[in-house]
Amino acid sequence: MTRTASSVWNNCLLFIKDNIKPQAYKTWFEPIKPMKIAGDVLTIQVPSKFFFEWLEEHYIKLLRVALVRELGDHAKLVYDVRMENTYSNKNPHTVKFPSSNKKPFNSQGVTIPLEIDKRELKNPFVIPGIQKVKIESQLNPNYNFENFIEGDSNRLARSASMAVSNKPGGTSFNPLLIYGGVGLGKTHLGQAIGVRIKERYPEKTVLYISAEKFTQQFIDSVKANTRNDFIHFYQMIDVLIVDDVQFLSGKSGTQDVFFHIFNHLHQNGKQVILTSDKAPVDMQDIEQRLLSRFKWGLSAELVAPDYETRISILKSKMFRDGVEIPEEIVEYIAKNIKTNVRELEGVLISLIAQASFNRKEFTLSLTKQIVDKFVKNTKKEVSIDYIQKVVSKYFEMDVSTLQSKTRKRHIVQARQLAMYFAKRMTKASLASIGSQIGSRDHATVLHACKTVDNLTETDKQFRKYVDELTKKLTF
Ligand code: ADP
Ligand code: MG
605 MTRTASSVWN
615 NCLLFIKDNI
625 KPQAYKTWFE
635 PIKPMKIAGD
645 VLTIQVPSKF
655 FFEWLEEHYI
665 KLLRVALVRE
675 LGDHAKLVYD
685 VRMENTYSNK
695 NPHTVKFPSS
705 NKKPFNSQGV
715 TIPLEIDKRE
725 LKNPFVIPGI
735 QKVKIESQLN
745 PNYNFENFIE
755 GDSNRLARSA
765 SMAVSNKPGG
775 TSFNPLLIYG
785 GVGLGKTHLG
795 QAIGVRIKER
805 YPEKTVLYIS
815 AEKFTQQFID
825 SVKANTRNDF
835 IHFYQMIDVL
845 IVDDVQFLSG
855 KSGTQDVFFH
865 IFNHLHQNGK
875 QVILTSDKAP
885 VDMQDIEQRL
895 LSRFKWGLSA
905 ELVAPDYETR
915 ISILKSKMFR
925 DGVEIPEEIV
935 EYIAKNIKTN
945 VRELEGVLIS
955 LIAQASFNRK
965 EFTLSLTKQI
975 VDKFVKNTKK
985 EVSIDYIQKV
995 VSKYFEMDVS
1005 TLQSKTRKRH
1015 IVQARQLAMY
1025 FAKRMTKASL
1035 ASIGSQIGSR
1045 DHATVLHACK
1055 TVDNLTETDK
1065 QFRKYVDELT
1075 KKLTF
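The opening residue of the sequence shown carries number 605 in the working numbering; numbering runs sequentially from there.
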């Protein structure tokens, strides 16, 4: 019996059909066409890049099991992405991939070998004496500069990042610290530096790691008594990208080891890139000597993109996914989602998914439903003004009294509580909280937060204030 692409795929489909909901099967598997079988490699055609990403994200395990059943352990799957869109059969549009379409590091084009994600450090520990071990960079090629839309909100951070990637270790931006709120592109930019350096200097050892994972590895190394190997491993890196360094706060052991690694790298002209959700002055519980290192190079802030930039980001994403969406819909999304690029993309992805699931057109009413869900789900941030009003009212005083310079105990407490809630419930920096609550400096706010933390643990009455105010502020 000869094995054809169709016969293999049809058998896979029988298995898949048994394992997922009919609607999902219809949407995601019926449109696939088997193209070719060569040895253990099956090529299937999918209608768009979005389709391919969706399959990879949601059905990769199922596909793998199905394929291994048919073709054995070495089964591989290759996607052939069609340059035509079949979401709506009425007006098929063309998929346009930008000419600079990046190749993933380990595979070519969109030909992805079917392998379960193994983005883990292969062996984080060097065997003594062996210098260049192969280190997986942990970079995602999709997070590159070409995909990162420039705007006023990110101009400094972006150009500093480009400068660093053109001359790693050779600019005064060492370390380069990129900071800003959630979903504004810190990880993307940090990764883009690594991706660009890998392209320009393939021989350089680049490593991207989250501060959280770094901490975990360190703890493991202490347990396993391999702390020195851990340090040696990191000291070998040419370009170290540590994401979300605020995670190190309060973790003095990890800070200590990072301090030594940092010094070694810096002294040897290696490049360090850090990201954080706060500016260095607002970082809490990070040792002074480490903080001062963070400030050695350049700190560049990412802020929320303006309307034009939001439109460009949406369009770039549509372009890459090969979908066309009416202008008014794009504008509607950009007008309503303002503070977070991840949410902007989230709305777009939901919209595409919903439209293709139900084989619907992209309509404004569908868009409104989706945007509403996103807006509702993101907690409304209370303002510092509102917090001051609520706290003053609770303690039966005026806002001006709360802000005054008096040292009367109950007023000081009220002020400290307002600062504490402002820190907890808004994204404002310590400095900006201080300036809004009676023109105090960031150290005063920090002190207030610590005092409130201590008192809530030791003082029952105070604990009650905090609880009651929390309730008032969250409704
Ligand atoms: P952060 O690490 O700051 O929380 P991310 O880097 O994860 O944010 O960004 C969130 C999402 O928004 C990512 O998918 C990223 O690609 C996208 N993004 C952020 N900024 C931009 C930009 N300027 N252009 C294009 N995409 C962006
Ligand atoms: Mg991030």
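Where is the CB? At the ideal position from N, CA and C, for every residue including glycine.
On a predicted model such as this, the values are computed, not experimentally measured, just so you know.
State the start and end residues of the unbroken alpha helix (DSSP H) segment that holds residue 1023. Against the sequence shown, residue 1023 aligns to sequence position 419. Where residue 1023 is concerned, the enclosing alpha helix (DSSP H) stretches over 1013 to 1029.
When the Cα atoms are used, what is the spatial distance from residue 858 to residue 933? Numbered from 1 along the sequence shown, position 254 holds the residue referred to as residue 858. Numbered from 1 along the sequence shown, position 329 holds the residue referred to as residue 933. Answer to the nearest angstrom: the Cα atoms are 47 Å apart.
What residues in its chain sit with their C-beta under 7 Å from that of residue 1038, if we drop five residues either side in the sequence? By 1-based counting over the sequence shown, the position of residue 1038 is 434. Around residue 1038: 1044, 1045, 1046, 1048 and 1049.
The ligand MG site residues, beta-carbon cut 7 Å against heavy atoms: That gives 790, 791, 847, 848 and 879.
Excluding sequence positions up to five away, which residues of its chain have a Cβ less than 7 Å from the Cβ of residue 787? As a first step, residue 787 must be located in the sequence shown, where it is residue number 183. Hits under 7 Å: 944, 945, 946 and 947.
Near residue 709, what residues of its chain come up, given a Cβ to Cβ distance below 8 Å and the 5 sequence neighbours on each side ignored? If you number the sequence shown from 1, residue 709 lands on position 105. The pLDDT assigned to residue 709 is 32, lower than 50, so where the model puts this residue is not dependable; a value taken from the coordinates is nonetheless given after this. Taken in chain order, the residues that qualify are 741, 743, 745 and 802.
For the stretch 890 to 905 against the stretch 753 to 766, do three or more pairs of beta-carbon atoms, one drawn from each stretch, fall closer than 8 Å, so that the two count as touching? Yes, the stretch 890 to 905 touches the stretch 753 to 766.
Does at least one heavy atom of the ligand ADP sit under 8 Å from the Cβ of residue 917? The count along the sequence shown starts at 1 and reaches residue 917 at position 313. Placement of the Cβ of residue 917 at a distance of less than 8 Å from at least one heavy atom of the ligand ADP is found.
Counting C-beta neighbours from all protein chains within 10 Å, is the total for residue 779 16 or more, i.e. buried, or is it exposed? Here the question's residue 779 lines up with position 175 in the sequence shown. Result: buried.
Residue 626 lies in the alpha helix (DSSP H); which residues open and close that run? Position 22 of the sequence shown, counting from 1, holds the residue named residue 626. That run of the alpha helix (DSSP H) goes 626 to 632.
With DSSP run on the structure shown, which of helix, strand or coil describes residue 957? The residue labelled residue 957 in the question sits at position 353 within the sequence shown. In this structure, residue 957 counts as helix in the three-state DSSP scheme.
Check whether the Cβ of residue 608 sits closer than 8 Å to any heavy atom of the ligand ADP, and report yes or no. What you label residue 608 is simply residue 4 of the sequence shown in a count that begins at 1. At a cut-off of 8 Å, the beta-carbon of residue 608 does not count as near the ligand ADP: no heavy atom of the ligand is closer than that.
So is residue 1062 buried or exposed if we call it buried at 16+ other beta carbons inside 10 Å? Position 458 of the sequence shown, counting from 1, holds the residue named residue 1062. That one is exposed.
Which residues in the same chain as residue 919 place their Cβ atom closer than 7 Å to its Cβ, once the five residues preceding and following it in sequence are excluded? Against the sequence shown, residue 919 aligns to sequence position 315. Cβ within range, chain order: 934.
Contact set for residue 874: own chain, Cβ-Cβ below 6 Å, skip 5 residues either direction: Against the sequence shown, residue 874 aligns to sequence position 270. Same-chain partners within the cutoff: 773 and 842.
So within the stretch 793 to 831, which uninterrupted beta strand (DSSP E) runs reach at least 3 residues, ignoring any that extend past its ends? 810 to 814, all fully within the stretch 793 to 831.
Sub-9 Å separation of residue 799 and residue 748 beta-carbons: Position 195 of the sequence shown holds residue 799. Position 144 of the sequence shown holds residue 748. Between residue 799 and residue 748, the gap from beta carbon to beta carbon is short of 9 Å.
When the Cα atoms are used, what is the spatial distance from residue 921 to residue 949? Walking along the sequence shown from the start, residue 921 turns up at place 317. Walking along the sequence shown from the start, residue 949 turns up at place 345. So the two alpha carbons sit approximately 8 Å from each other.
Secondary structure of residue 865, DSSP reduced to three states: As a first step, residue 865 is located in the sequence shown; it is residue number 261 there, counting from the start. Of the three classes helix, strand and coil, the one that applies to residue 865 here is helix, per DSSP.
Three-state secondary structure assigned by DSSP to residue 721: Locating residue 721 in the sequence shown gives position 117, counting from the first residue. Confidence is the limiting factor: at residue 721 the pLDDT is only 34, short of 50, which leaves the residue's position unreliable, though a coordinate-based value still follows. The answer is coil: DSSP assigns residue 721 none of H, G, I, E or B.
CB residue 883 to CB residue 911, shorter than 9 Å? Stepping through the sequence shown from its first residue, residue 883 is reached at position 279. Stepping through the sequence shown from its first residue, residue 911 is reached at position 307. At least 9 Å separates the beta-carbon of residue 883 from that of residue 911.
In terms of residue numbering, what span does the alpha helix (DSSP H) encompassing residue 1040 cover? By one-based count along the sequence shown, residue 1040 stands at place 436. Note, residue 1040: alpha helix (DSSP H), 1034 to 1040.
Is there at least one non-hydrogen atom of the ligand ADP closer than 8 Å to the beta-carbon of residue 920? On the sequence shown, residue 920 is found 316 positions in, with the first residue counted as 1. Checking every heavy atom of the ligand ADP against the Cβ of residue 920, one is found closer than 8 Å.
Give me the Cα-Cα distance between residue 652 and residue 685, rounded to the nearest whole angstrom. Taking the sequence shown and counting its residues from 1, the one referred to as residue 652 is at position 48. Taking the sequence shown and counting its residues from 1, the one referred to as residue 685 is at position 81. Distance between residue 652 and residue 685, taken at the CA atoms: about 6 Å.
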